[in-house]
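There are 2 protein chains.
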Amino acid sequence: MTTASELRDAALREFASAGYLGTSIQAIADRAGVSKASVLYHYTSKEALLDAALSPAIEQIGAILPRTVQLSGTDEERRDFLVRFVDLLLEHRLAAQIFITQSGALIDVPVVARAQVLIREIAEARPQQTVDDQVRFAVALGGAAYLLAQAGSYGVQAAPDDTQLRDSLIRILGELLASVTPA
Amino acid sequence: MTTASELRDAALREFASAGYLGTSIQAIADRAGVSKASVLYHYTSKEALLDAALSPAIEQIGAILPRTVQLSGTDEERRDFLVRFVDLLLEHRLAAQIFITQSGALIDVPVVARAQVLIREIAEARPQQTVDDQVRFAVALGGAAYLLAQAGSYGVQAAPDDTQLRDSLIRILGELLASVTPA
DNA sequence: ACGCTAACTGACCGATCGGTCAAATCCTGA
DNA sequence: TCAGGATTTGACCGATCGGTCAGTTAGCGT
Chain A
0 MTTASELRDA
10 ALREFASAGY
20 LGTSIQAIAD
30 RAGVSKASVL
40 YHYTSKEALL
50 DAALSPAIEQ
60 IGAILPRTVQ
70 LSGTDEERRD
80 FLVRFVDLLL
90 EHRLAAQIFI
100 TQSGALIDVP
110 VVARAQVLIR
120 EIAEARPQQT
130 VDDQVRFAVA
140 LGGAAYLLAQ
150 AGSYGVQAAP
160 DDTQLRDSLI
170 RILGELLASV
180 TPA
Chain B
0 MTTASELRDA
10 ALREFASAGY
20 LGTSIQAIAD
30 RAGVSKASVL
40 YHYTSKEALL
50 DAALSPAIEQ
60 IGAILPRTVQ
70 LSGTDEERRD
80 FLVRFVDLLL
90 EHRLAAQIFI
100 TQSGALIDVP
110 VVARAQVLIR
120 EIAEARPQQT
130 VDDQVRFAVA
140 LGGAAYLLAQ
150 AGSYGVQAAP
160 DDTQLRDSLI
170 RILGELLASV
180 TPA
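Structure (structure tokens):
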């Protein structure tokens, strides 16, 4: 683990739990065991640190964007897309949590704006949506992210293990999106 | 409109769009057309202002808490509960948005802690839940709140009108929660 | 052993924020 | 008209934050 990657990881956790505005550079430095000045040596600014923490998740989200059409396909195609999507959410659950909870307050930050554009592109990838379709999709996306955020912030509370959560989430999102109007 | 209620309304909007930490007392004062000192005359602190802005929503949420058992009842009972719940979300959509997006970063604020306890009580009101049940409920709750938050932050974009959104949301949440295991 | 560069740090700066306070102004009832 | 409380305000304070900078330490090729 290089210092830079440790800082990126510490920032990701801190931003997710306390919020970007609620996180001081000093707090990130403390978590990583270095000085505040050292943080700003590796990253030119607090915003650059947010960018570094979120970019990996954004790139992978962008990579599966072309597959969104599978949602209007057969049951197998839809399930295939959902498996990739849920796995991606699980892998980058902290980044997803930051997106969902703070994208509104951080629209002026470039990396967040890019993520918002991506999410909107995913939502609008399928043509001639009914209101029901939009609601199904928004509930599925927001609900999944909220679930993972809550599961992550369960302190003592017993949270279901990831594999169980994954299976259940894939199944239920599948049901939720099964009745979208075909393209 | 008294000055106090105008300030409470301005604070609610500002907290929802920019976040509690991202909102300065000066910004609330500007929105309401008064001075910063005047804000602190009507409310003893920024935290008191948040409390005043969120309390009405919390009280109504607490009022429907006993009806949560209807989720395990007949289809009509469940629909009846969902109608009340969705209407409550629509009426207090800004407060709901603040809860969902910032409760994690604001757990040390008493009013937010109270809200979190309420939500947890609602989620745990039904006995012997399976993982699927938990997932369904979390997706429904978080998804609905996310949808309203997004619909509220649509600037130019055409957002579906409230009645259409209400009908669709009630129907789809009903489907989502229809297959929870009976008590 | 030397020199060079990357890594790191404490001290400091300007700006902003939440909150206080004394004074000014407004409003109302007698 | 006027006394007195309610309301409003500008000036100010201490604390915190993001960021800068000069200087120190650590590692490494020669």
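Keeping their order, the protein sequence lines are chains A and B. Note that numbering that gives the first Met the number 0 has the first sequence beginning at 0, numbered continuously upward. Note that numbering that gives the first Met the number 0 has the second sequence beginning at 0, numbered continuously upward. For each residue, glycine too, the CB sits at the ideal point set by N, CA and C. All figures in this text were calculated on a predicted structure; none of them were measured in a lab.
State yes or no: is the C-beta of residue i within less than 8 Å of the C-beta of residue j?
i                : j                : result
LEU168 (chain B) : VAL85 (chain B)  : yes
ALA28 (chain A)  : GLY142 (chain B) : no
TYR145 (chain A) : ALA114 (chain B) : no
LEU105 (chain B) : ALA52 (chain B)  : no
THR100 (chain B) : ALA26 (chain B)  : no
Rounded to whole angstroms, what is the Cα-Cα separation between residue i and residue j?
i                : j                : result
SER23 (chain B)  : LEU87 (chain B)  : 28 Å
VAL110 (chain B) : SER102 (chain B) : 10 Å
GLY18 (chain A)  : ILE97 (chain A)  : 8 Å
LEU64 (chain A)  : ILE57 (chain A)  : 11 Å
ARG125 (chain B) : ALA31 (chain B)  : 43 Å
ARG7 (chain A)   : ARG92 (chain A)  : 15 Å
GLN156 (chain B) : LEU164 (chain B) : At GLN156 (chain B) the pLDDT is 46, less than 50, meaning the model places this residue with poor confidence; the figure from the coordinates comes in the next sentence. The straight-line gap from Cα to Cα measures roughly 15 Å.
GLY154 (chain B) : MET0 (chain A)   : Note that GLY154 (chain B) scores a pLDDT of 43, beneath 50, so its modelled location is shaky and nothing firm can be said.
ALA112 (chain A) : THR73 (chain B)  : 44 Å
VAL33 (chain A)  : GLU120 (chain A) : 39 Å
SER4 (chain A)   : THR129 (chain A) : 44 Å
GLU90 (chain B)  : ASP166 (chain A) : 35 Å
GLY173 (chain B) : ALA9 (chain A)   : 40 Å
PRO187 (chain A) : VAL82 (chain A)  : What is shown of chain A runs 0 to 182, which leaves residue 187 (chain A) out entirely.
SER37 (chain B)  : ALA150 (chain B) : 33 Å
ILE171 (chain A) : GLU123 (chain B) : 19 Å
THR162 (chain B) : LEU39 (chain A)  : 50 Å
LEU48 (chain A)  : ASP131 (chain A) : 38 Å
GLU13 (chain B)  : ILE118 (chain B) : 23 Å
GLN59 (chain A)  : LYS35 (chain B)  : 45 Å
PRO55 (chain B)  : GLY61 (chain A)  : 40 Å
GLY21 (chain A)  : THR2 (chain B)   : 29 Å
ASP107 (chain B) : ASP107 (chain A) : 27 Å
Would residue i be called buried (16 or more neighbouring beta carbons within 10 Å of its own) or exposed?
i                : result
ALA95 (chain A)  : buried
VAL116 (chain B) : exposed
ALA177 (chain B) : exposed
ARG135 (chain A) : buried
GLN133 (chain B) : buried
ASP50 (chain B)  : buried
task: May I have a chain-ordered list of the alpha helix (DSSP H) segments no shorter than 4 residues that lie completely inside the stretch 72 to 96 of chain B?
output: 74 to 90
message: Tell me whether the stretch 61 to 75 of chain A and the stretch 37 to 47 of chain A touch, counting them as touching only if at least three CB pairs, one residue from each stretch, are closer than 8 Å.
response: no
- prompt: How do the stretch 5 to 17 of chain B and the stretch 75 to 82 of chain B stand: do at least 3 beta-carbon pairs fall below 8 Å, yes or no?
  reply: Contact fails: fewer than three Cβ-Cβ distances are below 8 Å.
query: Which runs of the alpha helix (DSSP H) spanning at least 4 residues fall entirely within the stretch 9 to 79 of chain A, listed in chain order?
result: 24 to 31, 35 to 41, 45 to 63
message: Quick check on the DSSP output: what are the complete alpha helix (DSSP H) runs of length 4 or more inside the stretch 118 to 167 of chain A, in order along the chain?
response: You should have 130 to 152.
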